[in-house]
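In mature numbering (1 follows the signal peptide of the UniProt record, and there is no 0), the protein residues as written are -15 to -1, 1 to 491.
Virtual Cβ for every residue (Gly too), placed ideally from N, Cα, C.
For reference, the structure discussed in these notes is given below.
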């Protein structure tokens, strides 16, 4: 739609060729000057100054090049006409309509409750308009509301196209205005006209308050506050995306299982009721045939309610290091959390005999603590953290896992050096012991026919028994052998056999 306003009446020639035939009588009219183009939604507004001549009955024509969409450049021109006379064309600099367009005021419909106002907003532009056709669901609406009796006390809120304004007073006149904006395009619209409405008389049964929802294992627990007893309650849910669609959605609310006709101020229902997404929850109280209005709608994001279980820790000692393996935590449905969210881990690490702890943050699930004390017990525990664009969340800490490090490379080197030194030091001792043992063996089992010169005969005697005759000679070993033989006497027989006898026995 093109609407053109000028200093005088405007004749639009839509789709006309660029060169129009000049009217008979010449072209002695002055062209329009200072032409400005304004676009509000799908309406084009042209303003200009006409020439210096003060002629009556002058009309203006605009010629524009038809565009395919609002993102294409548009060219247009304007001239003055009077009778058979025309001015030269004034060509306006080409422009892209979408970039130049201003968001117009939205249309607003109101419905009153005792302490709330239901608001329905229609997006700017016409139903079949093309300017915002691709962005109608992207509008963000800012609302300013005030008591009619106190216009200086304004309250500003961001609302959905279908929404409720809460915390109002009964039987009070409120006025409001709304404007739309497009965040990505950085466009801010014009305010709507001011709308005023009176809230109703306060309902006898107040609505439930302080709606809360918490996750517990595989269930959700919905809680609320209520001042009276012996009433029944019901709870409903709605997909949040429906609030972005203009229109009424009263028939889209659905009953929450296990939360209908309950006598307590809480109900428990399985998490499987909701797939991943954002919802609104509301609760209503009933007493026989009397019912309260619905509570304030509670926004509920299943992702925020996700319960993150602690991770699982495994340790493996490698020399003087500990290798840490972290198993990603699971959700209540046994699905790994890191499949949907970027996880990081906070790890607490300490020596078992010390109270000093170290904290690190790791994105990896496999890492190593290096250069630790060998043969020392270290302990580790960890928790999972989610730093998401919409929220932050953490699990509880895992069980503490402890492990003892192995001897490090330094310890092994020192041990090898010690062994080598011990071997080197023991070689002379071993050689000496072997030498002495060989000498004793030779002396005992391979004696010479004569006693050695270093042996003095002490005593000899003969012994005859059982038909055997043995002749004994006793020698005292010289001091050369005393150290080794421990001051003992040696008895040598003719058979070449030695017997050791203590000196005291001789």
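Under DSSP, residue 221 takes part in a beta bridge, and its partners are 240, 267.
Taking a 10 Å sphere around the C-beta of residue 338, we find fewer than 16 other C-beta atoms and assign the residue as exposed.
Residue pairing by DSSP places residue 59 opposite 80 in a beta bridge. For residue 125, the enclosing beta strand (DSSP E) begins and ends at 125 to 132.
Within its own chain, the residues whose Cβ lies closer than 7 Å to the Cβ of residue 275, once the five positions on either side in sequence are excluded, are 189, 190, listed in chain order.
A residue is called buried once 16 or more other Cβ atoms fall within 10 Å of its Cβ, and residue 89 is buried on that count.
Its chain contains 353, 354, 355, 356, 357, 390 as the residues whose beta carbon lies nearer than 8 Å to that of residue 306, once the 5 sequence neighbours on both sides are disregarded; these appear in chain order.
Under DSSP, the beta-bridge partners assigned to residue 275 are 272.
Going by beta carbons, residue 161 and residue 198 fall outside the 7 Å limit. Contact between residue 297 and residue 383 holds: their C-beta atoms lie close to 7 Å from each other, under 8 Å. Approximately 6 Å separates the beta-carbon atoms of residue 35 and residue 65; this is inside 8 Å, confirming the contact. Within the segment 140 to 185, the runs of beta strand (DSSP E) that reach at least 3 residues and sit entirely inside it are, in chain order, 147 to 150, 158 to 167, 180 to 183. Residue 230 and residue 126 have their alpha carbons spaced roughly 12 Å apart. With respect to residue 346, residue 365 sits apart: the two C-beta atoms are not nearer than 7 Å. Taking a 10 Å sphere around the C-beta of residue 273, we find fewer than 16 other C-beta atoms and assign the residue as exposed. According to the DSSP secondary-structure assignment, residue 308 is paired through a beta bridge with 301, 353. Around the Cβ of residue 27, a 10 Å sphere holds 16 or more other Cβ atoms; the residue is buried. Note that the C-beta distance between residue 311 and residue 350 is below 7 Å. The three-state secondary structure of residue 380, taken from DSSP, is coil.
Taking a C-beta distance under 7 Å as the contact criterion, residue 181 and residue 133 qualify as a contact pair. In terms of CA proximity to residue 253, 201 leads the group 299, 72, 44, 201. A contact is defined here as three or more CB-CB pairs under 8 Å, and the segment 100 to 115 meets this definition with respect to the segment 141 to 149.
If you compare the alpha carbons of 32, 124, 333, 68 with that of residue 170, the shortest gap goes to 124. Counting only the Cα atoms, residue 241 lies some 24 Å from residue 101. In the three-state DSSP reduction, residue 424 falls in the helix class (H, G or I). Beta-carbon to beta-carbon, residue 55 and residue 83 are separated by about 4 Å, close enough to satisfy the 8 Å threshold. Judged by beta-carbon spacing, residue 179 lies beyond the 7 Å limit of residue 128, meaning their Cβ atoms are not closer than that value.
DSSP, read as helix, strand or coil, puts residue 386 in strand.
Counting only residues of its own chain and dropping the five nearest sequence neighbours on each side, residue 20 has a CB closer than 8 Å to the CB of 31, 32, 33, 63, 75, 77.
For residue 288, no beta strand (DSSP E) encloses it, and the DSSP letter there is neither H nor E. Cβ contact annotation for residue 210 (same chain, cutoff 6 Å, sequence separation greater than five): 194, 195, in chain order.
Per DSSP, the continuous beta strand (DSSP E) segment holding residue 94 begins and ends at 92 to 97.
Straight-line spacing of the CA atoms in residue 300 and residue 401 works out to 28 Å. If you compare the alpha carbons of 135, 330, 282 with that of residue 207, the shortest gap goes to 282.
DSSP, read as helix, strand or coil, puts residue 208 in strand.
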